[in-house]
Amino acid sequence: MRITTAATAGLAGLLVLTACGSGGGDKGSAGPVSLRMTIWTGNADHLKLLDSIADEYLKTHKDVASIKFDTLPIENYTTTLTTQMAGGNAPDLAWILENSAPDFVGSGALAPLETLVKPEELAPSTTKLWQKDGKLYAYPFSTSPFGVFVNEDLLKQAGQEPPKAGWTWQEAVEKAAAVSARTGKAGLVVRDFDYKGWDNLATVWGGWGAEAWSEDGRSCGFAKPEMVEAMTFLHKAIFEDKALPAPGATADFFAGEAAMTITQISRASLLKDGAFDWDLVPLPAGPKGAYSVIGQAGIGVVKKSPNAAQAAGFLSFMTDPGNSARLAQYFPPPRTPLLTAEGLAKSNPLLKPEQLQQVVIDGIAKGRVKPSHSGQAELAQAVRAGLDQLWQPGADVAGTLAGVCTAVQPLLAK
Amino acid sequence: MALGLRAAARTAREGRTGWWTATRRDHLVGYLFVAPQVAGSLLFVFLPLALVLWYSLHEWNVLADTFGFVGADNYRHLLADPNVPKVLTATALFSAGLVVVNLSLALLLAVLLSQRLRGTVVFRTLFFSPVVVSLVAWTIVWGFLLQRDGGVNALLQAVGVEGPNWLRTGPTAMASVIAVQVVKNVGLNMVLFLAALQGVPKELYEAATLDGAGAWTRFARITLPMISPTVLLTSIITVAGSLQVFAQIAVLTQGGPGTSTTVLVYYLYQQAFQFHHFGYGATLSALLFVIVLALTVLQWRLRRRWVFLES
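Sequence order for the protein chains is Z and H. For the first sequence, the positions run -5 to 408 when the numbering used here is used. For the second sequence, the positions run 20 to 330 when the numbering used here is used.
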C-alpha cells in the first residue's frame, strides 16, 4: 500500500507544481503594485540614472512598491517583447523602437497618454510617429539624430583633413578610401548596418532624396532613379573604392578600427575614454543637398497591463521637464525648452556646443525619421533578402532594386 | 510494501471477489507509476500539439490582443504562399546534406576508430567533445571563423587558396550551415556506431577472411547488415533533428543570403514571432509535424527491407 501512497503523493506533487507554474503574480491585487518596464539598454550608467528616478518616485507614491527596468537584448528586442505579450507576461511600460512604432500605435497595444506633464512642450516633429487620431500613444523618449563621428588621428595618418560641416559624400568616400588604403583600418562604417540592418542606409540615400517607400507608405521607393543612383554610389564605394568594409568584415569605430562612423549621438558616451582625438560632424551632403535623419524611441503604457494607471503616472514623472533634462545626457529629449545648445551642453559634457547645434538641434528640427511602416518586420525581412544580391562585386544594382520592389509592393499594399 | 503484499495474499487466500481485488489493486499501482510520465506527455506533448492545431485555425494578433476563428484560411494561405516552395527546398537540401554527410562521416570515423591502434581514445574524445559544447556558443564561434577575413579563410590562404565569403553566397552559406552542424553532432552518431561495431561477432570476420573475402566485402556483407538496427536509429534521429534546425540558422545566416537558408523551422519562427502571424506560424508547425511523422513512418516501414535481425 505504501507504493500506492508514494505514487499518489508524487502525482499530487506534480499536479501542484503544474498548478503553481500556471499561476500568475500580483495582477489586480489591491496593495502597492510592482511595475516593470522593458528597455533595450543594459548600460550601467543609463540604468543607474533610471533607477535613481524610480527611487525618487517610489518615495512619494505609496501605490507603487517597486519599479524594475528589464533589459532585453537589442537584436531581438521587439520579438522578445511581443513574445512576452503573447505569453501573458506583458510589461507595464515598454520602450518601443521607431521601426515598430506603426505596429504598436496602430494596433491599439498601447494606452493613450493623457497625464503627461506639459505635453505642449513636445516638438511636433518628434511626436508624429507616436500619434493616432490626435492622441499620443507613446512619449518620444529619445530623439537621436545621426551624425558622423570622426577619428581625427586616423585621418591624419592617412594625410586627410578632418571633415567640416557642409562636406559632401564624394569627400567622405575619398577620405575613407584613403584611410583604408594607407592605414589598413576601415574607412567609413554605417553602424548597425552590417549588410542586414538596411534601414540605417537611410543615412546615406537621404542625400540623394531617395526613400524606402512613399510618404503614405503605399508605394515602393527602391526602384526609383534617385535610389538607384544612391545605391550605385554606395556599391562603388564598397567594392571599388573600398571606402566601407565589405560584407563579412567588421570594424568598430569606438575601438579605433575605423576612421568614421555614421551613428546616433547617444553613442558619444562610448568615447569617454579618449583613446583618440575625435569630432562629430553632420551627415555629408548628397546631390540633393544637406539632410538629416533621426532615430527615435518611445515609451508607452501597455494597454493590457493591470497597472496601467500607475504606469502612466510613473511615465509622466519620468519624462517631466526636470527628469527630461537629466535624461538628456543619454537620450535627446523632445521638449523644446531643453533643445538649446547651452541646455544640452550641461548634460552632454563630451560634445561641444557647435556639435550639439549642428547635429542635434538642427537634426531634430529638420530630420526625417528612419523608415517605418506597419508590418515592419515582414517588410524588413523582404527588403533584406532582396538586397542580399546587391552586396556582391559586380551586382546589377538597378535589377536588384527592381526585384526588391517586386517583393515589397504586395506587403506595402496590405 | 510488505504489508501490502501480505494483505493482497490474504485477500487472494480468502477468495474475496468484491470490486477491490488484488488484480485491480495491481493495475492501480501500475497506472500510478506511469502517471507522472503520462501527465508529462499530456502536458508537454499532446496538449501543445492540440493547441497548435487549434491556433492554426485562428488569427491571433498579439499586439491588438485579438483572437478570431478563420477556419481553413491559414491552410489556404499555406498552399498559396510563394515562399513555401523555396523554404521546403532549402529544408530538403539541408536535411539531405546533413543526413548523408553526418551518417557517412560518423560511420567512417567509427570504423577507423574501432581499430586497435594507438591514440584512438584521444581521437574518439576529440570527435565527441563538440557534442557536449553549448550549441549557440559553438555556432557563434563558427560564425567568426567563417567570416570573409575569418579563421577558415586564413587557413586556406596559408595554402594559397582564396576562400569565398562563406556566409554571404547561397551555396556556400548552406554548405557552411551543414558543415557546422555535422561537426557538432557527428560524434554522437560515431559513438552509437562504435558501440554497434563492437557487438559484431569477430568469428564472422574470421570465417569471411578464411573464405577469401576482402575488406570491402567484409564491410558490405557483414558489418553493414549487422549494425543496420543502429543505422536505422541514427538515421531516424538525424532526419528528425535536421528538420528542427534553428539556432545555427538564426546565428549564422538569419535565413539568408536571400532566402537560401530559410528552412521550415526558421520560417515558422519568423512568421510567428517576428511578423506576429501566430496562426500562420501554427499552421507551419502542423506542416512540420506532418513531414517529420511521414518521414519517420517511412523509415520505420522501410526497415523491413534492409534492417537485419528484425522479426
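Built from N, CA and C at the ideal position, the CB exists for glycine as well.
Under the three-state reduction of DSSP, Z:ASN145 is assigned to strand. Counting only the Cα atoms, H:LEU287 lies some 29 Å from Z:ARG30. DSSP places Z:LEU123 in the helix class (H, G or I) of the three-state scheme.
Residues of the segment 68 to 98 of chain H whose Cβ lies closer than 8 Å to any Cβ of chain Z, in chain order: TRP79, ASN80, VAL81, LEU82, ALA83 and ASP84. Ranking H:TRP161, H:VAL140 and H:LEU314 by CA distance to the CA of H:ALA194 puts H:TRP161 first. Of all residues in the segment 290 to 302 of chain H, those with a C-beta nearer than 9 Å to a C-beta of chain Z are GLN290, ALA291, PHE292, GLN293, PHE294, HIS295, HIS296 and PHE297, reading in chain order. Considering only beta carbons, the part of the segment 281 to 299 of chain Z lying closer than 8 Å to chain H consists of LYS297 and LYS298, in chain order.
Comparing alpha carbon positions, the residue from H:ALA99, H:GLN200, H:GLY182 and H:SER133 closest to H:VAL120 is H:GLN200. Of all residues in the segment 265 to 277 of chain H, those with a C-beta nearer than 8 Å to a C-beta of chain Z are GLN273, GLY274, GLY275, PRO276 and GLY277, reading in chain order. The CB of H:GLN166 comes closer than 8 Å to the CB of GLY242, ALA243 and THR244 in chain Z, given here in chain order. According to the DSSP assignment, Z:LYS62 belongs to the beta strand (DSSP E) that extends over 58 to 65.
Here DSSP, grouped into helix, strand and coil, assigns Z:SER46 to helix.
Under the three-state reduction of DSSP output, Z:LYS53 falls in the helix class.
Rounded to whole angstroms, Z:PHE247 and Z:THR177 show a C-alpha spacing of 14 Å. Within the segment 77 to 137 of chain H, complete alpha helix (DSSP H) segments of at least 4 residues are found at 92 to 99 and 102 to 132, given in chain order. Rounded to the nearest whole angstrom, the CA to CA distance from Z:GLN125 to Z:PRO67 is 26 Å.
Closest option to Z:GLU336, judged by alpha-carbon separation, among Z:LEU344, Z:GLN351 and Z:ARG329: Z:GLN351.
With contacts defined by Cβ atoms closer than 8 Å, Z:THR244 and Z:PHE143 do not form a contacting pair.
Burial state of Z:ASP97 is buried, judged by a 10 Å Cβ sphere holding 16 or more other Cβ atoms. The DSSP-derived three-state label of H:LEU175 is helix. In the DSSP annotation of this structure, the continuous segment of the beta strand (DSSP E) that includes Z:TRP89 starts and ends at 87 to 91. Within the segment 351 to 375 of chain Z, those residues whose Cβ lies closer than 8 Å to any Cβ of chain H are, in chain order, GLY369, ALA371, GLU372 and GLN375. According to DSSP, H:ARG44 shares a beta bridge with no other residue.
Z:ALA252 and Z:TYR131 have their C-alpha atoms spaced approximately 39 Å apart.
Of all residues in the segment 85 to 103 of chain Z, only ASP97, PHE98, SER101, GLY102 and ALA103 place a beta-carbon less than 8 Å from a beta-carbon of chain H. At a Cβ-Cβ threshold of 8 Å, Z:PHE63 and Z:THR313 do not count as neighbours.
The Cβ atoms of H:LEU271 and H:VAL196 lie closer than 8 Å to each other. For Z:LYS190, the residues of chain H that pass the 9 Å Cβ criterion are GLN273 and GLY275, in the order they occur in the chain. In the structure shown, Z:PHE308 falls within a helical segment according to DSSP collapsed to helix, strand and coil.
Cα atoms of Z:GLU146 and Z:PHE270: separation of roughly 7 Å, rounded to the nearest angstrom.
For H:GLY87, the closest alpha carbon among the candidates H:TRP73, H:THR108 and H:ALA99 is that of H:TRP73. Within 10 angstroms of the beta-carbon of H:VAL140 lie fewer than 16 other beta-carbons, which makes it exposed.
Residue-level contact check: H:ARG187 touches chain Z, since one or more beta carbons of chain Z fall below 8 Å from its beta carbon. Z:PHE227 sits buried, since 16 or more C-beta atoms from the chains shown fall within 10 Å of its C-beta. The criterion of a C-beta distance shorter than 8 Å is satisfied by H:GLN318 and H:LEU251.
As summarised for the segment 144 to 208 of chain H, the continuous alpha helix (DSSP H) elements at least 4 residues long and confined to that stretch are 154 to 164 and 170 to 177, given in chain order.
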